[in-house]
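For reference, the structure discussed in these notes is given below.
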Amino acid sequence: MAMSRSERLPLDAPALRAEFPILQDRDDGQPPLVYLDNAATTQRPQQVIDRITTGYQQQYANVHRGIHRLSELSTDLFEQAREAVQRFIGARHSHEIIFTPGATGGINLVARSWGDSQLGPGDEILLTEMEHHSNIVPWQQLAQRTGCRLRFAPVTAEGLLDLSGWEDCLNERTRLVAVTAVSNVLGTINPVVTLVRRAHEAGAVVVIDAAQSVPHEPTDVLAWDADFVAFSGHKMLGPSGVGVLYGREELLEAMPPFLGGGSMIHRVTLDGFTPANLPSKFEAGTPPIVPAWGLAAAIEFLDRVGLPTIRAHERLLTEQTHALLNALSGVRILGPSPDQKAGIVSFVVPGIQANDLAMALDEQGVAVRAGHHCAMPLHARLGVSASVRASFYLYNTPDDVERLGQAMDCALKLFRRRH
Ligand code: PMP
Numbered sequence: 001m002a003m004s005r006s007e008r009l010p011l012d013a014p015a016l017r018a019e020f021p022i023l024q025d026r027d028d029g030q031p032p033l034v035y036l037d038n039a040a041t042t043q044r045p046q047q048v049i050d051r052i053t054t055g056y057q058q059q060y061a062n063v064h065r066g067i068h069r070l071s072e073l074s075t076d077l078f079e080q081a082r083e084a085v086q087r088f089i090g091a092r093h094s095h096e097i098i099f100t101p102g103a104t105g106g107i108n109l110v111a112r113s114w115g116d117s118q119l120g121p122g123d124e125i126l127l128t129e130m131e132h133h134s135n136i137v138p139w140q141q142l143a144q145r146t147g148c149r150l151r152f153a154p155v156t157a158e159g160l161l162d163l164s165g166w167e168d169c170l171n172e173r174t175r176l177v178a179v180t181a182v183s184n185v186l187g188t189i190n191p192v193v194t195l196v197r198r199a200h201e202a203g204a205v206v207v208i209d210a211a212q213s214v215p216h217e218p219t220d221v222l223a224w225d226a227d228f229v230a231f232s233g234h235k236m237l238g239p240s241g242v243g244v245l246y247g248r249e250e251l252l253e254a255m256p257p258f259l260g261g262g263s264m265i266h267r268v269t270l271d272g273f274t275p276a277n278l279p280s281k282f283e284a285g286t287p288p289i290v291p292a293w294g295l296a297a298a299i300e301f302l303d304r305v306g307l308p309t310i311r312a313h314e315r316l317l318t319e320q321t322h323a324l325l326n327a328l329s330g331v332r333i334l335g336p337s338p339d340q341k342a343g344i345v346s347f348v349v350p351g352i353q354a355n356d357l358a359m360a361l362d363e364q365g366v367a368v369r370a371g372h373h374c375a376m377p378l379h380a381r382l383g384v385s386a387s388v389r390a391s392f393y394l395y396n397t398p399d400d401v402e403r404l405g406q407a408m409d410c411a412l413k414l415f416r417r418r419h
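My numbering puts the sequence shown at residues 1 to 419.
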């Protein structure tokens, strides 16, 4: 008997999908949603939803404050969530894991704390043209505050980081290098290990924006040798409102606190304060308690499926998408070939607005993102103002990609008939 496409997949996507309530049959008789906006945010499996519900129903109190039993339980679970993150990314110490509101929060923390205390006129920060606004604007603000200078390494026409251009920008004035592990528009996978090594040789500290890589492939921050790594829970099946900043212990120890308030202090008098130890020093106020538990449940789910398997699965879907889109006339895929990218496929169709195309796909039950995807400089570099982006996760199936292809075919016929 011939095998169906799904049976040849590295993972059983239809079975996994059954664990996601939002992706099930709809009351209106329409086919289930084809959700291809995973680079923006992912959906949650029942396991994560249950973890949040149980948390609020049975375990919730503020952490690190009370001596009552519920607060102790809540605190233990919060610290266990930190340890789950530590294991997941291979950090040495759990106090190197700072809970933040998301990747944006983590990058801003580094800019405010490390950046404000370390940089001044004459210093340089090296970024790339493919960064998300979250890895551009905090550095622009830092440059405004301190007088340091930003440099942007070029992206090739194919959508790869231009490595010799990047090297040309690296010099003895470079104090910080910030780079995305995976482009949220092009899907391009950057050579993090090489970039970190070269940056360190130049004496720079390195921030990795891992918002698009941690959810989709195994992460080992020690193998990367990165100084800071930021990512978001909501892009990896976890709740929104929680993210992670990993920081190397020596750097975090030496940095001043960013936000001030409760929990981040050891002692306060009317004359001043002494900061708490790590990680509390960087977690002022009540942290995202239940979201952190939800994130730990998401990590359990991802561990059960296996990151290498997820990566292989997304690679197949990406290849299938490239083949389908390339077979349609006039579609221009942005970024490199599937072997050099993660499960993100952005494209444009000259003469058709990206927004109009995405709306036409949505009418056929296919959810994609259209716009600049918080990467306006990259779109300007590629000579387009907006693009349509399909991005995958473990619950997407080859049938989803087929439905994208069919919906695109219909949409293109419709638009071309009109003009
Ligand atoms: N960096 C990249 C590469 C991203 O894709 C995103 C989310 N689109 C962010 C940073 C910001 O993440 P968040 O909005 O969760 O802080």
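From the three backbone atoms N, C-alpha and C, an ideal C-beta is built for every residue, glycine too.
All values derive from a computational prediction rather than experimental measurement.
With burial defined as no fewer than 16 other Cβ atoms inside 10 Å of the residue's Cβ, what is the status of residue i: buried or exposed?
i    : result
V196 : buried
L222 : exposed
N171 : exposed
M3   : Because M3 sits at a pLDDT of 39, beneath the cut-off of 50, its placement in the model cannot be relied upon, and the point is left open.
D227 : buried
H95  : buried
N326 : exposed
V85  : buried
T180 : buried
D220 : exposed
R304 : exposed
H447 : Lying before the first or after the last residue shown, residue 447 is absent from the chain, which here runs from 1 to 419.
Q320 : buried
M359 : exposed
Y35  : buried
M1   : Model confidence at M1 stands at a pLDDT of 33, short of 50, so the residue's coordinates are unreliable and nothing is read from them.
F282 : buried
H216 : buried
Q57  : exposed
G487 : Lying before the first or after the last residue shown, residue 487 is absent from the chain, which here runs from 1 to 419.
S337 : exposed
A157 : exposed
V268 : exposed
I310 : buried
F273 : exposed
Q80  : exposed
H313 : buried
I107 : buried
E167 : exposed
R416 : exposed
I22  : exposed
E201 : exposed
P256 : exposed
A230 : buried
A375 : buried
H373 : buried
Have a look at the DSSP bridge pairing and note the partners of residue i.
i    : result
S240 : DSSP output for S240 lists no bridge partner at all.
R332 : V348
D209 : T180 and A230
Y35  : A367
K341 : T188
L126 : R151 and V177
Y246 : I97 and V229
V161 : The question names Val, but residue 161 is Leu in the sequence shown. L161 is bridged to V155.
Beta carbon of residue i: closer than 7 Å to some heavy atom of the ligand PLP?
i    : result
N190 : As far as ligands go, the structure on display features the ligand PMP and does not contain the ligand PLP.
Checklist entry - Are the region 342–355 and the region 391–405 touching by the rule of at least three beta carbon pairs closer than 8 Å? => result yes
Checklist entry - Taking three-plus beta-carbon pairs below 8 Å as touching, is the region 57–65 in contact with the region 279–299? => result yes
Item to check | Minimum length 3: unbroken beta strand (DSSP E) runs contained in the region 375–406 | outcome: 387–391
Checklist entry - Where in the region 265–320 do unbroken runs of the alpha helix (DSSP H), each at least 4 residues long, occur, reported from the N-terminal end onward? => result 289–305
Checklist entry - Counting Cβ pairs, one atom from each stretch, are 3 or more of them under 8 Å apart for the region 29–49 and the region 228–237? => result yes
Next on the checklist: Please give me, in chain order, every unbroken run of the beta strand (DSSP E) with length at least 3 that falls completely inside the region 86–123.
Outcome noted: 97–100
Checklist entry - Can at least three beta-carbon pairs, one atom from the region 159–169 and one from the region 187–205, be found at a separation below 8 Å? => result yes
Checklist entry - Quick check: the region 248–262 against the region 129–140, are there 3 or more CB pairs under 8 Å? => result no
Item to check | Cβ contact check for the region 115–133 and the region 141–156: 3 or more pairs under 8 Å | outcome: yes
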